[in-house]
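Numbering (my numbering), first residue to last: 2 to 341.
Following: one structure in structure tokens, then a few remarks.
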Amino acid sequence: MSVATEYRALAWAHGCLSVQSLGGMLGPVLFLLPDGRQVSPLHVAPWGRDPQREALPEILQELRGEWPCVPFGSDAVRALPDGWSSTGESFDGAGVPHGHGSNVHWEWGACDDRRISLNCHYPESHPIRQLRRHIVPDPTAPAVDIVLEIGARRACRLPIGLHPTFRLPPRAGAVLIEPGFYDRVSSFPGDVEPGAALFVPDRYWPSLQSVETRSGATLDAAQVPLAADAEDLLQLVGIDGSLALYYRDEGFRARLTWQKEHFPSLLLWYSNRGRKAYPWDGRHVALGVEPIASAFDLGPAVSTADNPVAQAGTPTWMAFEPDRVFTTRYRLSVEAVRMA
Numbered sequence: 002m003s004v005a006t007e008y009r010a011l012a013w014a015h016g017c018l019s020v021q022s023l024g025g026m027l028g029p030v031l032f033l034l035p036d037g038r039q040v041s042p043l044h045v046a047p048w049g050r051d052p053q054r055e056a057l058p059e060i061l062q063e064l065r066g067e068w069p070c071v072p073f074g075s076d077a078v079r080a081l082p083d084g085w086s087s088t089g090e091s092f093d094g095a096g097v098p099h100g101h102g103s104n105v106h107w108e109w110g111a112c113d114d115r116r117i118s119l120n121c122h123y124p125e126s127h128p129i130r131q132l133r134r135h136i137v138p139d140p141t142a143p144a145v146d147i148v149l150e151i152g153a154r155r156a157c158r159l160p161i162g163l164h165p166t167f168r169l170p171p172r173a174g175a176v177l178i179e180p181g182f183y184d185r186v187s188s189f190p191g192d193v194e195p196g197a198a199l200f201v202p203d204r205y206w207p208s209l210q211s212v213e214t215r216s217g218a219t220l221d222a223a224q225v226p227l228a229a230d231a232e233d234l235l236q237l238v239g240i241d242g243s244l245a246l247y248y249r250d251e252g253f254r255a256r257l258t259w260q261k262e263h264f265p266s267l268l269l270w271y272s273n274r275g276r277k278a279y280p281w282d283g284r285h286v287a288l289g290v291e292p293i294a295s296a297f298d299l300g301p302a303v304s305t306a307d308n309p310v311a312q313a314g315t316p317t318w319m320a321f322e323p324d325r326v327f328t329t330r331y332r333l334s335v336e337a338v339r340m341a
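Printed below as a string of structure tokens:
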């Protein structure tokens, strides 16, 4: 019998939030805008109470909101184009999707009316010893500050990432992706989902607003949801640590900021009705906005190898030492936008 998921909730003057033990996932979060409106930008997958979900990988069973991925992605046997290899560092457990912490129940740490804290202990064979996470609403604003601490068991190099996932309205182009400065946009070197890939693979472009598709068209990938059914990834390489999503029909922006020195790329996960099997069923629409030090979600063996992203000067892994706790901070906030 599977372990029952536990929840903690917290309310403050500008909203309320929920955190679950499975994956340590944050969501939903309801923000109160200064004009009195309530908005909830994080995604919650619709199958979270379906009894069939228990056959899914743990990361998918109650998929929602935001959580850390240590390591980011997973090792797997996959075909890679020229210039890519899986000759980097691997270890027992590197094939777990988005890392051990994404697939187990976390323990509750200090929780009061100001913060929720959680801990996750990794297996003794893993190079990572423990994750700690602190979720702290800003008492003065509709915003949540998050702290992630990573303790290593032994020296290692790992791709790491954060996994905020945002809900999207049904209308195509209802949300505008507004990234900060970045160097280029890179496409996934293969098929994220067979039969559902949209972008020309293993290419790069200067702008998210002009990306080539496999049909030969040029697409503005900054407007979501996409009109076409698709499951694909784009990596914004060398991004400055900020991105906003402008919900044009709802009159607000959701804004994510992070430490660019820790996460120099941003992975955009376009889950746009492309996956047809359960639990996606050709209906799942969401946008992953994922700060990473990684080569897409290709796992440790690829991200620590000599890959094209790293060759161009953007790190795809972080170094960890057992005598030093790695700490990173990031923030999710919302703001009202005057409707035209």
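Idealized CB from N, CA, C, for every residue including glycine.
Secondary structure at Pro124: coil, using DSSP grouped into helix, strand and coil.
Counting along the chain, the unbroken beta strand (DSSP E) around Ala10 starts and ends at Tyr8 to Trp13. Here Thr88 is exposed, its C-beta having fewer than 16 other C-beta atoms within 10 Å. Shown here for Leu18: same chain residues with a beta carbon closer than 6 Å to its own, the five before and five after excluded, namely Leu11 and Val30 in chain order. Closest in alpha carbon position to Arg339, among Arg185, Glu251 and Asp230, is Glu251. For the pair Val212 and Ala111, the Cα-to-Cα distance works out to about 45 Å. Counting along the chain, Glu150 sits inside the beta strand (DSSP E) bounded by residues Ala144 to Ala153.
Counted as a single uninterrupted DSSP element, the stretch harbouring Val326 is not any beta strand (DSSP E), since DSSP gives it neither H nor E.
In the DSSP assignment, Leu23 falls outside any alpha helix (DSSP H), carrying neither H nor E. By the neighbour-count criterion, in which a residue is buried when 16 or more other Cβ atoms sit within 10 angstroms of its Cβ, Glu125 is exposed. Boundaries of the alpha helix (DSSP H) around Glu59: Glu59 to Gln62. A Cβ-Cβ separation of about 17 Å leaves Leu333 out of contact with Ile293 under the 8 Å criterion.
Taking C-beta atoms as the reference points, Pro323 and Ala153 count as a pair closer than 8 Å.
Under DSSP, Phe32 takes part in a beta bridge, and its partners are Gly16 and Val40.
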